[in-house]
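Chemist: In the working numbering, the protein residues as written are 61 to 247.
Here it is in structure tokens:
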């Protein structure tokens with residue numbers, strides 16, 4: 061079939077690195093472990109404790125590959141590393157617990173090399189309540205992601221084991237899940 065003169069074929073689709081719509085994950089938390097499922101119900105991420113020196117937690121993909129390892133680096137401070145590495149050159153972020161009460165928790169996240177604890181401005185702020193499974197991740201003046209309990213109509217008691225993570229467009233799902241893991245799992 062011939063094309064008429066002046067008509068060009070449609071352009072090839074451009075691959076999108078980031079989602080253009082908010083993405084929801086359902087999280088089921090059992091003790092220090094969490095399973096994160098996508099909208100279709102398939103396992104997307106998993107959080108479990110890791111043994112070895114320093115202990116900590118790891119964020120796994122659906123196939124069991126380690127994406128991020130989080131280790132305690134002091135009282136109320138954590139470091140997140142790419143994969144299984146514990147080398148400083150593979151550090152993704154450093155988190156510091158700023159305030160905690162029975163109803164409110166605030167964690168500052170610093171992404172190297174642009175920021176550090178000495179830097180007064182963190183890359184991200186995590187605000188919320190671990191008891192209510194509520195967390196808002198803020199970068200500058202923008203909300204990056206939020207968590208909230210899964211509510212059902214006509215149900216008076218809600219399970220705190222299940223909650224939702226909504227990641228807004230233009231954000232890295234793995235980085236957000238690593239920060240959520242730090243907020244809810246690490247003490």
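Just so it is clear, CB atoms sit at the ideal spot from N, CA and C, and this is done for glycine as well.
Taking the runs of the beta strand (DSSP E) that are 3 residues or longer, which of them lie wholly in the region 74 to 149?
Modeler: 83 to 90, 93 to 97, 103 to 109, 117 to 121, 126 to 134, 137 to 142, all fully within the region 74 to 149.
Chemist: Taking buried to mean at least 16 other C-beta atoms within 10 Å of its own C-beta, is residue 140 buried or exposed?
Modeler: Looking at its Cβ environment, which holds 16 or more other Cβ atoms inside 10 Å, residue 140 is buried.
Chemist: Taking the DSSP output, what are the residues bridged to residue 189?
Modeler: Residue 189 is bridged to 194.
Chemist: Is the beta carbon of residue 170 within less than 7 Å of some heavy atom of the ligand SAM?
Modeler: The ligand SAM is not part of the structure shown, which contains no ligands of any sort.
Chemist: Alpha carbon to alpha carbon, what distance is there between residue 86 and residue 121?
Modeler: Their backbone Cα atoms lie some 15 Å apart in a straight line.
Chemist: Should residue 236 be labelled buried (16 or more other beta-carbon atoms within 10 Å of its own) or exposed?
Modeler: Buried, because 16 or more other Cβ atoms sit within 10 Å of the Cβ of residue 236.
Chemist: From which residue to which residue does the beta strand (DSSP E) around residue 245 run?
Modeler: That residue, residue 245, is in no beta strand (DSSP E); it is neither H nor E in DSSP.
Chemist: Considering Cα atoms alone, identify which of 102, 225, 110 is closest to residue 243.
Modeler: Here the closest residue by C-alpha is 225.
Chemist: For the beta strand (DSSP E) holding residue 154, just list the boundary residues, first then last.
Modeler: It spans 151 to 160 - the beta strand (DSSP E) in which residue 154 sits, taken as one unbroken run.
Chemist: Hey, residue 125 and residue 156: beta-carbon distance below 8 Å or not?
Modeler: No, these two residues do not count as a Cβ contact at 8 Å.
Chemist: Excluding sequence positions up to five away, which residues of its chain have a Cβ less than 7 Å from the Cβ of residue 196?
Modeler: Correct list, in chain order: 187, 188, 203, 206.
Chemist: Straight-line CA distance for residue 115 to residue 245?
Modeler: Taking the straight line joining both Cα atoms gives about 13 Å.
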